[in-house]
Amino acid sequence: MQRRVLATSLVDLHKDHNERAAWAHIKPVMQEMMQNSVQKIDTLHVLSDGPVTQYRNRANCFLLSSVPYTWGLKQITWNYSERAHGKGAPDGVGGAVKRMADNHVHGGKDLQNPKDLYEFLINREVENIRFKWIDESDINVFNEMLPPSVPKVPGLLKTHQILYFCPGEIYYRDLSCFCQYPEMCECFKPTKMRMDDSSNANSDHLQPDSIQETYAESPSTDVEKNEEYTVGKFVIVSYDNKLFVGQITKLLLDNIEINCMVQHGKRNVFKWPNKPDCIFYHREQIASVISEPEPNQRAAQLTKYDWLLFNEI
Numbered sequence: 001m002q003r004r005v006l007a008t009s010l011v012d013l014h015k016d017h018n019e020r021a022a023w024a025h026i027k028p029v030m031q032e033m034m035q036n037s038v039q040k041i042d043t044l045h046v047l048s049d050g051p052v053t054q055y056r057n058r059a060n061c062f063l064l065s066s067v068p069y070t071w072g073l074k075q076i077t078w079n080y081s082e083r084a085h086g087k088g089a090p091d092g093v094g095g096a097v098k099r100m101a102d103n104h105v106h107g108g109k110d111l112q113n114p115k116d117l118y119e120f121l122i123n124r125e126v127e128n129i130r131f132k133w134i135d136e137s138d139i140n141v142f143n144e145m146l147p148p149s150v151p152k153v154p155g156l157l158k159t160h161q162i163l164y165f166c167p168g169e170i171y172y173r174d175l176s177c178f179c180q181y182p183e184m185c186e187c188f189k190p191t192k193m194r195m196d197d198s199s200n201a202n203s204d205h206l207q208p209d210s211i212q213e214t215y216a217e218s219p220s221t222d223v224e225k226n227e228e229y230t231v232g233k234f235v236i237v238s239y240d241n242k243l244f245v246g247q248i249t250k251l252l253l254d255n256i257e258i259n260c261m262v263q264h265g266k267r268n269v270f271k272w273p274n275k276p277d278c279i280f281y282h283r284e285q286i287a288s289v290i291s292e293p294e295p296n297q298r299a300a301q302l303t304k305y306d307w308l309l310f311n312e313i
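Using UniProt numbering, read the sequence shown as starting at 1 and increasing by one per residue.
If you want it as structure tokens, here you go:
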């Protein structure tokens, strides 16, 4: 059977590239492949980096445990690469698209919004790259799939492989392994968890006689961090084993000055202090970049997703 490599570049208006947007982008690619393939496709392998704001979070685990069944897939593995590894191919596709857009603008033409960019791209003949438009309604489909409460997945920040074989259920482990593919091997102690049970506090292991320690999720340097820190961006920062929401005010090599907000108890309510609380933090202390908090009366609150992230880290 001849093997082909096809790249797909997806364009959308949505600014939050979270796990729901990721599934909305995967869907049209999988639909086209399943429709055009001579052989039946029932397996999907995903390789991505692991930022907690996009792929390595419990919301993505829930979608991974439910979405494949609706597509007719029987098996999925989601594999996370180490930081700064394994992004050459998608970065190359993005770079090619950006160069085409730059050359178009340098020629005196305008691209004022993502829709203009998409219309420009589909009218060009680009070898081995296909272009698709993702509408906000496509993302809302996956927003509606998430229940109000999603169970926490212990040790997810150290996980590098999640496996799906049955609706509502996942296995996950520290390292990826395919030594007995298509069967799941017992290497690195896979942990089984039901994602459709919000009261699920414990996890069953693949081997009943091997007890695996489940470690609590906490701020760690193992978290995949967004390296695009710029002045004005809002972040979640860890200090003295506590999490704070703040805004970047200054960059100095690996040290970043952040003006932190004050949280009202344990609620999703944040206020600016009377006097700016600007402190330099090391880059490793930043857990994640988030959206700007939304005004709420005299205070502000995190978006639904950022609040979920704040409680998960």
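Cβ atoms here follow ideal geometry from the backbone N, Cα and C, with glycine treated the same way.
Note that the coordinates shown come from a computational prediction; the quantities given were computed from them, not determined experimentally.
{"Query": "Rounded separation between ASP254 and HIS282 - CA only", "Result": "6 Å"}
{"Query": "One or two residues paired with LYS242 in a DSSP bridge", "Result": "TYR239"}
{"Query": "Inter-residue CB distance, TYR118 and VAL11 (contact presumed, cutoff 8 Å)", "Result": "4 Å"}
{"Query": "Helix, strand or coil at LYS27 according to DSSP, with G and I counted as helix", "Result": "helix"}
{"Query": "Spatial neighbours of ALA201 in its chain, beta-carbon cut-off 6 Å, leaving aside the 5 residues before and after", "Result": "Confidence at ALA201 is low in this model, with a pLDDT of 41, below 50, so its placement is unreliable and the value that follows should be read with caution. Nothing listed; no residue qualifies."}
{"Query": "Opposing strand residues paired with GLU169 [DSSP bridges]", "Result": "CYS166, ARG194"}
{"Query": "Identified DSSP bridge partners for CYS260", "Result": "GLY246"}
{"Query": "Bridge-paired residues (DSSP) for ASP12", "Result": "ILE134"}
{"Query": "Distance between LEU73 and ILE129 (C-alpha atoms, nearest Å)", "Result": "25 Å"}
{"Query": "Rounded straight-line distance, which links the Cα of ASN140 to that of TRP133", "Result": "15 Å"}
{"Query": "In DSSP terms, what THR43 is bridged to", "Result": "GLN75"}
{"Query": "Minimum C-alpha distance to residue 314 - residue among ASN57, LEU121, LYS271", "Result": "With the chain covering only 1 through 313, there is no way to say anything about residue 314."}
{"Query": "Where the beta strand (DSSP E) through TYR281 begins and ends", "Result": "278–282"}
{"Query": "C-beta contact flag for GLY168 and MET195 at 7 Å", "Result": "yes"}
{"Query": "Per-residue burial, TYR181 [other beta carbons within 10 Å of its own, 16 or more giving buried]", "Result": "exposed"}
{"Query": "Top-ranked residue by Cα proximity to THR77, from PHE131, ASN259, ARG124, CYS185", "Result": "CYS185"}
{"Query": "Counted within 10 angstroms of its Cβ, other Cβ atoms place GLU19 as buried (16 or more) or exposed", "Result": "buried"}
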